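As given, the protein sequences belong to chains X and R, one line each in that order. Take the first sequence: its position 59, counting from 1, is numbered 59 in this note's numbering, and each next residue is one higher. Take the second sequence: its position 333, counting from 1, is numbered 333 in this note's numbering, and each next residue is one higher.
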Amino acid sequence: MTVAADNGTVFLTGCCGAEDAEPLLKHFQAGLKRVDLGGCDHIHGAVLQLLMAARPAITGEPSEFLSSWVIPLISGLNSP
Amino acid sequence: MDDLFEQFMIEGRELISKATDDLVALEKDLLAPGRFDGAFRAVHTLKGSVAIFDLAPMGVALHAAEDLLETVRSAATPMSVAVAQRLLGCLDQCDRWMDVVEESGHLPLDAPSEAMRIATGLLALTGVREPATAPIPSNQTWIANLLERQSSRLGDMRDGTRALVAVRYTPRPDCFFAGDDPISLVGAVPELFALEIRARDDWPPLEEFDPYRCNLLIELVSGASEADLRQLFRFIPDQVEIAAVGSLRPNDAPGPLAESQRTIRVDAQQIDRLLDLVGELVVTKNGFAQLAALAETGRDPKMIAAAIRAAQGATDRLVGDMHRAVMNVRMVPLERQFRRLTRMVRELAQRLDRNISFTVEGEETRVDKAVADALFEPLLHLVRNAVDHGIEPPEARAAAGKPPQGHLSLAARSLGDQILIEICDDGAGIDPARVRAIAAKREILPADRLEEMEDEAAVQLIFAAGFTTASAITDVSGRGVGMDAVKTTIERLGGRVSLSSKKGSGTAVSLRLPATAALTTVLIVRVGEERFAIPLETVVESVRIPRSAILPVGLGQAFVLRDRTLPMLELSALLGTSATIATGDARILVVDGGQGRLGIAVDDFSERLDVMLRPMTGLLAHVPGVSGTTLLGDGSVLLILNLGEIVG
């Protein structure tokens, strides 16, 4: 499972594709505010924009491309 | 498309030139007949041509110019000097933009903001507040903004050593259904230097969120080539904008690299002439095979030698003809340089509040392309000096009883294979007393010599190294004069500078230089194991004298030549090479130093040669003592020395 919720945190692992956007949205709508990206290799654009909109707290170390370029965007460090 | 573009470049410049001419005439006489219509037509036509190419900012500026001209024509706005000047400013900027487009193919990054500034300025004169023109397409502004936001991350990459490409990717809202994943694409961008991902529209609240509607806006900067990036995004070209990041240098930086054109227009007739010469050369070359056969038959050596000499003579003549023909191909008119100078004078005069009439003559005079490129900086310097320090401000001129408008003229003409350029102004002239005072302060000459110098000679001291006359370093001319730099540059081109000035009346500077890269006759000398070339024109004579005739004088040496004692220096010592043990007669070159003749001792003289002096470039360009290099027949490189600089 690429999207799993446990103890108030959503875990995204492996390759999260477009189909993971809907479950993730449901978790956010249910009030979960933390996402762990440990072991995540890739997130689809649909998943990313959800993370940008929901602005959860991010933990965990995803793959290099994600941690260098994408995660900072979600945390808002790179907002213009 | 290229042909059309070339045509546009030529016509565009002509239109700008025509409109400028007309406006300058209107500036002098607001009612000059025909001038207003001429300017109007030119601006109108230019605006139309610009629309065909991707030069929107220039279009905006010209549109505003046309609007202003329209209001003047309909008499809603009176024609005035201010109107003419502002229009001239707009055309000058268009001319500069044409230069940049010619070099790099597109406008500089600040063109949109600059165009808005110009348009606002023009329309302010009509009373219209907002430029009611088409909005400038955003393609240029997003790049500028992106680079600005990412400037710390991009840091030193922007200075031209790396070519960067900016990409703006606006995925369609339904792109997910097409199977697109923008993040995959971005992850595949090679050499990613900066990345920004934003929401295109505000995020809806989570309850209404549609996860399958793409709301992303992506901008990035990459070091990959445009072609590679287009390939990456090839399935969605309508959703991306890809643009090479242009140079961020200021518009009119007169850097030598920026100036040199990469191509020249050549008259087909000149190529035909070259072809004819090559044909004759081929015939002569074939003759050598026959000469060799002749030599093998064992005929009288004298006869063979005579035949070889004849062939050599024919080849010599042909090479000379070809050299001249190729040099002719490289000849370009000075017009481009003069045009830039005219713009600069206009701007400077406005900035410094000087009323100046600047006339230019002889812009069709042709010189070698390299000479034209090298001339720009010295001419710029001289012209700036004239505007800044020469022509007086209006009050000073009135007080001196001079007409309110100052005159500055730049004239060029051909004299045989030389050109003569004169820059004359009717300004304040150079004050010999001030020159003497500064020469004394800078210790250029001892005080008593300064005193006894004639005024004309004293004024020439401004060419001395390390001289400055401006008491305040203005940002216009930098260090007030820099005449020593001008002199050095002109002399490196094989020319001479001279100056005459009368305090209160004005100054005239003339430059005389060879129009082409001429062949230089040099004398080859040996110093130790090495050979050097000395331009023959700097050698007065060469002598051999017995060692016994060299006398020690103080710390140096001297010798007697026809009842005159001349100091003697060893070239090996001057160059810092090791001296060989002196045996046999001394071989001395007599040269003209700054303060009289002196002898320079070498180990041996060798032959005289005609060579092409190639000036040093790049890091070596300012090495003192060397004028250039040449290649010898055996492939070795020979340094051509500048004895004047070596002796000091």
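Note that CB positions come from ideal geometry on N, CA and C, so glycine has one too. None of the values given here were measured: they were computed from a predicted structure.
Next item on the list: Given a cut-off of 8 Å, decide if Leu125(R) and Ala19(R) are closer than it, judged by their beta-carbon atoms.
Entry: no
Notebook entry, point to check: From Leu123(R) to Ile218(R), what does the alpha carbon distance come to, in whole angstroms?
Noted result: 36 Å
Checklist line | Integer Cβ distance of Leu277(R) from Ala325(R), believed to fall under 8 Å | finding: 6 Å
Note to self: For Ile43(X), would you say it is in contact with chain R, using Cβ-to-Cβ distances shorter than 8 Å as the test?
What the structure shows: yes
Margin query: Output needed in chain order: residues of the stretch 22-53 of chain X with a Cβ under 9 Å from some Cβ in chain R.
Written below: Glu22, Leu24, Leu25, Phe28, Gln29, His42, Ile43, His44, Gly45, Ala46, Val47, Leu48, Gln49, Leu50, Met52, Ala53
Notebook entry, point to check: Does the distance from the C-beta atom of Gly495(R) to that of Leu523(R) stay below 8 Å?
Noted result: no
Notebook entry, point to check: If you draw a straight line from the alpha carbon of Leu420(R) to that of Ile490(R), how long is it in whole angstroms?
Noted result: 12 Å
Note to self: Counting only C-beta atoms, is Phe209(R) closer than 8 Å to chain X at any point?
What the structure shows: yes
Check: Along chain R, which residues have their Cβ under 9 Å away from the Cβ of Ala57(X)?
Finding: What Ala57(X) touches in chain R: nothing, since even the nearest Cβ is about 16 Å away.
Notebook entry, point to check: Alpha carbon to alpha carbon, what distance is there between Ser505(R) and Glu14(R)?
Noted result: 36 Å
Check: Would DSSP call Glu454(R) helix, strand or coil?
Finding: coil
Notebook entry, point to check: Residues in the stretch 201-234 of chain R with C-beta within 7 Å of chain X's C-beta atoms, listed in sequence order?
Noted result: Trp203, Leu206, Glu207, Phe209, Pro211, Tyr212, Cys214, Asn215, Leu216
Item checked: Local conformation of Val189(R) per DSSP, three classes -> coil
Notebook entry, point to check: Looking at C-alpha atoms only, which residue of Leu348(R), Thr284(R), Leu341(R) is the closest neighbour of Val319(R)?
Noted result: Thr284(R)
Item checked: For Leu575(R) and Thr629(R), the rounded distance between their alpha carbons -> 16 Å
Checklist line | Exposure of Asn286(R), with buried meaning 16 or more beta-carbon neighbours within 10 Å | finding: exposed
Checklist line | Neighbouring residues, chain X, relative to Leu195(R) (Cβ below 7 Å) | finding: Trp69
Item checked: Reference Arg172(R), options Leu164(R), Ala199(R), Cys214(R), closest by Cα -> Cys214(R)
Item checked: Proximal residues of chain X, C-beta to C-beta of Phe176(R) below 9 Å -> Ala18, Ala21, His44, Gly45, Ala46
Checklist line | Extent of the continuous alpha helix (DSSP H) run through Val47(X) | finding: 45-54
Item checked: Beta-carbon gap between Tyr169(R) and Gln231(R) smaller than 8 Å -> no
Margin query: Can you tell me whether Arg436(R) is buried or exposed? The criterion is at least 16 other CB atoms within 10 Å of its CB, across all chains shown.
Written below: buried
Next item on the list: Could you please tell me which residues of the stretch 44-58 of chain R, in chain order, have their CB closer than 7 Å to any CB of chain X?
Entry: none
Check: Ends of the alpha helix (DSSP H) at Gly304(R)?
Finding: Looking at the sequence provided, one finds Ile at residue 304(R) rather than Gly. Note, Ile304(R): alpha helix (DSSP H), 301-329.
Checklist line | Simplified DSSP assignment, three categories, for Ala470(R) | finding: In this prediction, Ala470(R) scores a pLDDT of 44, lower than 50, which makes its location untrustworthy; the coordinate-derived value is nonetheless stated afterwards. Three-state DSSP puts Ala470(R) in coil, outside helix and strand.
Check: Can we say the stretch 190-202 of chain R touches the stretch 54-63 of chain X, given the rule of at least three CB pairs closer than 8 Å?
Finding: no
Notebook entry, point to check: Leu73(X): which of Phe176(R), Ala194(R), Met453(R), Leu561(R) sits nearest, CA to CA?
Noted result: Ala194(R)
Next item on the list: List the residues of chain X whose Cβ lies closer than 9 Å to the Cβ of Asp99(R), in chain order.
Entry: Chain X residues near Asp99(R): none, gap ~33 Å exceeds 9 Å.
Check: Nearest CA to the CA of Phe235(R): which residue from Asp181(R), Gln269(R), Glu207(R)?
Finding: Asp181(R)
Notebook entry, point to check: Can you name the start and end residues of the beta strand (DSSP E) that Thr365(R) belongs to?
Noted result: It is not in any beta strand (DSSP E) - Thr365(R) carries neither H nor E in the DSSP assignment.
Note to self: Run through chain R and tell me which residues come within less than 9 Å of Leu73(X), C-beta to C-beta.
What the structure shows: Leu195, Glu196, Ile197, Arg198
Checklist line | Proximity winner among Ile534(R), Asp22(R), Leu499(R), Phe40(R), relative to Thr520(R) (alpha-carbon distances) | finding: Ile534(R)
Check: If the cut is a Cβ gap below 7 Å, which residues of chain X does Pro182(R) touch?
Finding: Gly45
Next item on the list: Compute the distance between the beta-carbons of Cys40(X) and Thr13(X), then report whether it is under 8 Å.
Entry: yes
Notebook entry, point to check: For the beta strand (DSSP E) that Arg413(R) lies in, which residues bound it at each end?
Noted result: 406-415
Item checked: At least three beta-carbon pairs within less than 8 Å, the stretch 454-469 of chain R to the stretch 339-349 of chain R -> no
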